[in-house]
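Read through the structure below, which is laid out as structure tokens, and then see the notes.
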């Protein structure tokens with residue numbers, strides 16, 4: 155069965171709402187890891203990505219630039235609400251909406267079960283799984299920026315879908331086990 159590809163923000167909002175409902179902590183860095191493993195789950199089980207997004211290698215796991223951009227103002231704290239978009243219409247009226255997953259009910263239940271298992275894991279354990287896996291790539295120091303006096307910057311390598319799938323598949327049993335709180 156083909157899965158309709160979702161936006162990163164729709165899946166992020168789904169995870170945030172579930173974490174809030176379950177009273178689980180979910181920082182933006184943990185959210186990146188949860189989305190990474192959700193992508194791996196769908197690649198492993200359904201042989202297609204859940205989201206159309208990119209994940210980059212980071213010393214503390216993985217990054218998704220869209221998630222960082224939207225939620226970094228929470229700092230290391232818990233995200234307290236899903237992303238709401240405000241738009242001005244042609245008539246100067248403000249329109250608000252929230253990106254939501256557009257999946258059939260059976261697939262939403264599957265997504266909820268997997269997301270709940272991932273959210274129940276401590277962030278440091280998710281990081282450990284990612285950085286200890288053979289697909290992890292350390293960021294590379296951008297020597298040119300340092301030479302030009304801009305300070306040290308890093309170039310983060312992108313994960314391929316097959317690398318995301320391998321990381322998930324090799325840790326599937328533990329990742330899909332619900333950790334009691």
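Numbering (our numbering), first residue to last: 155 to 335. Yeah, the Cβ is synthetic: ideal placement off N, Cα and C, and Gly gets one too.
Taking the C-alpha atoms as reference points, what is the distance between residue i and residue j?
i           : j           : result
residue 290 : residue 284 : 6 Å
residue 266 : residue 277 : 18 Å
residue 167 : residue 220 : 12 Å
residue 272 : residue 231 : 18 Å
residue 275 : residue 329 : 8 Å
residue 182 : residue 292 : 20 Å
residue 287 : residue 281 : 10 Å
residue 180 : residue 170 : 7 Å
residue 228 : residue 190 : 20 Å
residue 317 : residue 193 : 11 Å
residue 214 : residue 188 : 13 Å
residue 314 : residue 268 : 21 Å
residue 264 : residue 159 : 15 Å
residue 259 : residue 212 : 34 Å
residue 222 : residue 161 : 15 Å
With a threshold of 8 Å on Cβ separation, who are the neighbours of residue i within its own chain once the five nearest residues in sequence on each side are excluded?
i           : result
residue 157 : 196, 200, 202, 204, 257, 261
residue 198 : 319, 322, 323, 326
Could you please give me the residues that DSSP links to residue i through a beta bridge?
i           : result
residue 215 : 212
residue 205 : 160
Could you spell out the range, first to last residue, of the alpha helix (DSSP H) harbouring residue i?
i           : result
residue 194 : 182-200
residue 285 : 277-285
residue 265 : 259-273
residue 318 : 315-324
For residue i, collect the residues of the same chain with a Cβ closer than 6 Å to its Cβ; drop the 5 residues on either side in sequence, then sort them by chain order.
i           : result
residue 208 : 312
residue 225 : 182, 233
residue 164 : 253, 254, 255
residue 217 : 186, 210
residue 333 : 274, 275
Skipping 5 residues on each side, what residues in its chain have a beta carbon closer than 7 Å to that of residue i?
i           : result
residue 270 : 172, 176, 332
Is residue i close to chain C, meaning its C-beta is less than 8 Å from at least one C-beta of that chain?
i           : result
residue 292 : The structure shown contains no chain C; it holds only a single protein chain.
Going by the C-beta, is residue i closer than 7 Å to any heavy atom of the ligand PLP?
i           : result
residue 205 : Among the components of this structure there are no ligands whatsoever, and the ligand PLP is therefore not found.
Quiz item: If we count Cβ pairs, one from each stretch, closer than 8 Å, do we get three or more for the stretch 225-239 versus the stretch 167-185?
Solution: With a cut-off of 8 Å on Cβ pairs, the stretch 225-239 is in contact with the stretch 167-185, counting three or more such pairs.
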